[in-house]
Amino acid sequence: MGGKRKKGESDVVGVGEGEEEQQQQKKRQMLPSLIKNKEKRSAVHAKLKHEKKLEKRKKLKARDAAEKRALELGEEPPPKKIPRTIENTREFDETVCKPDDEELFAGNDADEFSSILKRECTPKILITTCRFNSTRGPAFISELLSIIPNAHYYKRGTYDLKKIVEYAKSKDFTSIIVVHTNRREPDALLIITLPDGPTAHFKLSNLVLRKDIKNHGNPTSHKPELVLTNFTTRLGHRIGRFIQSLFPQDPNFRGRRVVTFHNQRDFIFFRHHRYIFETKEIKQSNSDDKKFKDAKDEKIPQEKVIARLQECGPRFTLKLISLQHGTFDTKGGEYEWVHKPEMDTSRRRFFL
Amino acid sequence: MPRTSTVECPGCPPIRALTFDVLGLVKVVESRGKQGIPKVIERWGEPDSSRCVLAASINDRKDDPLLAVARKNGLIEVLNPLNGDALVTITKGGDGGLHVPEDDPIAGLHLLKKGRLESSSRLFTLLTCTKKGNASLKSIGITNSLSGSLCTSPKTWSISAVGEIFCSAVDGSENHALFGGKGVEINVWDLDKSSKIWTARSPPKNSLDIFTPTWFTAATFLDKEDHRKIVAGTNNHQVRLYDISAQRRPIISFNFRESPIKAVTEDLDGYTIYLGTGSGDLASIDMRTGKLLGCFVGKCSGSIRSIARHPELPVIASCGLDGYLRFWDVKTRQLLSAVFLKQQLTNVVIDSNFIGEEVSGIVVDPLSNVEQETNQTQVNEDGPPPVKRKKASKESEERKKPKHNKKSKVKDKDHSTSSPLLKPKRKSKKSAKDKDDDGS
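Shown next as structure tokens:
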């Protein structure tokens, strides 16, 4: 099959180099998956792959050379290309907060979290579980207690959640966190802001407890710093403030403890680190250590202050399922936002 | 393949809507031209959470329209809906109110269209109802001097001693008002005599012997002209139809989805209603049969607080906690357009006198189109003999609506329709046919 085509090609073109190129192009166009014989197919495939690899290497070399030449000549190096990702090709969203929106700030002042965020009152958190609770649940809760200052664990017993809400209101708690466990694995987080809502329901996944993290540190009892990234839309902004209201607003910087909520594609990643600034003269940058999370330092080959991170754990991922107006009320509650399947019209549409 | 372009919304006919939000802002949204894109034209008021709008009502008569707004801090403001000037501000304490506004917010506010006392044109009547069940009816006159307003002694009465009022409505003739709420069955009052004329009975226990406590969250009169038929939505996602002249228990009662019914609005045709629920579902339902006509789908994710029907165009506006004002086509149930208004919205009203274009000649077009269509459909429907129509009635549901629009517009048609709802459910299809005959 291939041979036949080659013949036809050479008949038409008939010149040495051009012919070869043409052949290569033809080969590339002909998909290996159309070949039925497996041996031939895999051979063609391997060849294609090899060619691609060579080409890529050539391209890289050319790019590097161009950059080097530009540096030598003292010109501007060619602009670095930005890869297209789902995030930076996100669908246009009119609800994204703008920094000059005065209504946004007025809304912030009026919302339920403003008393905590203005440091008029300190957060006090009640942590409880679902009715059945075992193994990973309590371990997770004990770590949550170490993360969130002024958090108190109460046994769930057989109380209704609405009763617990009433109780917590009378005891001046500002939030309730319910860790829901399914098959001995925490799988949902329900956070209720008191006294009058809202209530957020998160799916919890990829939970890694502290002891399962290699080289983990043990956190101190200092008040942590809080990093919230990428909460851009109105809903995201609200969720950001919601999470912020769980933590005291006066971090103790001596503790060098950071709690991060990083939003990416509507998933909220939780990380807990200790950091340290060190002055060091480094011989050469250790370029192989490019891992994002455990990145040791920025590789600058001079005497520099570097920040080193140590993860304290746990790690988990949250995804918002619903945000309900008012305190917990599944039957008669009004939702500010619920995820519905019809909203998933595109991979490039995000809500937070 | 990822979608690269967004879905185009077909745009709105000329329309003007006013929305009210939790920060007490009033925003005016207008769409101009034939298929315009609605935009925020004006914003009245300063953001202040204590001025959160609880209820609003518009009297959109041709000359001298009025807009009444009830706020969280107990103020009732009467505005001019054209430019937002405050005409009268009524503080509740000053006007014979017996209560502190903090623990007794206003639940319902209705600006009655006809003046009770016809002495001057600048006089209007306001029906208010607080959460604890204190209703009052007062006539307020606007004198020409800006600040001065005279207020006749309000007629007040107590609807119920227990429970909380959540919903209220006034019928088209404005002689009757209904109230309902948590622990308060739907009750109908005669406004002239301020006496209760009817109370609903709660439905019996279900097969498991469980009694669901009364909690009405939305209610309206099914027909503008008829005060006897009432549609109510409950907190446990039930929609009920009451007929005052028939019985005290609901005639039709059915469940809709799984979240509380937060808004119910009637259509002009007298049998269709629009429902909004606490999780953002919007649907239209034929109340003669209790059947779902269809849902309005379009990424609506927050609880719907208010629905408004345009009195002439086949358009409804809905708003809710997600901060969007959405315009929908009634017939196709398509989203015409959505406007993001940044705050959680509590109410929407439509100013029906709005003329979309400075040149009034163009504006008549959509209306006349509708009328042409209706004429056509009428011709079509008159064609086949009545026996066949019974079968076709289901398909012609879509076509029926414009005709009924016209019916309500042309008011000289007799509405001697004996209430078809009184008949049992089995005959409902036939009754639909009856109504057809009347209309055409």
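From first to last, the protein sequence lines are chains A and B. With full-length UniProt numbering applied, the first sequence covers 1 to 352. With full-length UniProt numbering applied, the second sequence covers 1 to 440. Glycine included, every Cβ here is placed at the ideal spot set by N, Cα and C. The structure displayed is predicted, hence computed values, not measured ones.
Going by beta carbon distance, what residues of the same chain come within less than 6 Å of residue i, once the five residues before and after it are set aside?
i      : result
A200/B : E185, I186, Y242 and R248
L161/A : F328
V162/B : G183
F327/B : C12, V315, A317, L336 and S337
G270/B : D223
With distance defined between alpha-carbon atoms, name the residue in the options nearest to residue i.
i             : options                           : result
W215/B        : R43/B, G183/B, E312/B and C12/B   : G183/B
Q264/A        : K68/A, E87/A and P79/A            : E87/A
G298/B        : V339/B, I261/B and K138/B         : V339/B
residue 443/B : A70/B, L112/B, D104/B and G36/B   : Nothing in the structure corresponds to residue 443/B, since chain B is present only between 1 and 440.
P343/A        : F132/A, G332/A and E91/A          : Strictly speaking, residue 343/A in this sequence is Met, with Pro absent from that position. That would be E91/A, whose Cα lies nearest to the Cα of M343/A.
R51/B         : L75/B, L67/B and A232/B           : L75/B
T260/A        : I148/A, E303/A, K340/A and N133/A : I148/A
N255/B        : K229/B, I285/B and S245/B         : I285/B
F179/B        : F211/B, S207/B, K205/B and V231/B : V231/B
Q310/A        : I213/A, N37/A, L228/A and F231/A  : I213/A
Once the 5 residues before and after residue i are set aside, which same chain residues still bring their CB inside 7 Å of it?
i      : result
I192/A : V165, S175, I176, T199, T327 and F328
L117/A : R241, Q244, S245 and Q249
So, is the C-beta of residue i closer than 8 Å to a C-beta in chain A?
i      : result
N206/B : no
V297/B : yes
P10/B  : no
Q343/B : yes
P47/B  : yes
L23/B  : yes
S318/B : no
G280/B : yes
P260/B : yes
S303/B : yes
Quick one: what does DSSP say residue i is sitting in, helix, strand or coil?
i             : result
A177/B        : strand
D286/B        : strand
H262/A        : strand
residue 353/A : Outside the shown range of chain A (1 to 352) lies residue 353/A, about which nothing can therefore be said.
G197/A        : coil
D382/B        : Because the pLDDT of D382/B is 41, which lies under 50, any placement of that residue in the model is unreliable, and the number read from its coordinates should be weighed accordingly. In this structure, D382/B counts as helix in the three-state DSSP scheme.
residue 360/A : Given that chain A is displayed from residue 1 to residue 352, the structure contains no residue 360/A and the question cannot be resolved.
A200/B        : coil
Y154/A        : coil
R71/B         : strand
Q244/A        : helix
L66/B         : strand
S139/B        : strand
R340/A        : The identity of residue 340/A in the sequence shown is Lys, whereas the question assumes Arg. Here K340/A sits in coil by DSSP.
A106/A        : helix
L145/A        : helix
H45/A         : helix
V165/A        : helix
R136/A        : helix
Whose C-beta lies closer than 8 Å to the C-beta of residue i among residues of the same chain, with five residues either side of it excluded?
i      : result
R136/A : T181, R184, E185, P186, L207 and L209
G197/A : E112, Q324, H325, G326 and T327
I125/A : I148, N150, A151, H152, F173, T174, S175, I176, I177 and L246
Could you tell me whether any Cβ in chain B is nearer than 8 Å to the Cβ of residue i?
i      : result
E94/A  : yes
R136/A : no
G197/A : no
A200/A : no
K340/A : yes
R265/A : no
H325/A : yes
G332/A : yes
G107/A : yes
E120/A : no
M30/A  : no
Report, in whole angstroms, the separation of the C-beta atoms of residue i and residue j, which I expect to be a contact under 8 Å.
i      : j      : result
A110/A : L23/B  : 6 Å
G302/B : D322/B : 3 Å
L123/B : K138/B : Going by Cβ atoms, the distance from L123/B to K138/B rounds to 11 Å, so no, they are not a contact pair.
L66/B  : A56/B  : Contact flag wrong, Cβ pair sits at about 11 Å.
H273/A : C312/A : 6 Å
I261/B : T234/B : 7 Å
R234/A : T95/A  : 5 Å
V349/B : I140/B : In fact, because the Cβ distance is near 19 Å, the residues do not count as touching under 8 Å.
T217/B : F166/B : 5 Å
Would you check whether the ligand ZN has a heavy atom nearer than 7 Å to the C-beta of residue i?
i      : result
I273/B : Among the components modelled here there is no ligand, and therefore nothing to report on the ligand ZN.
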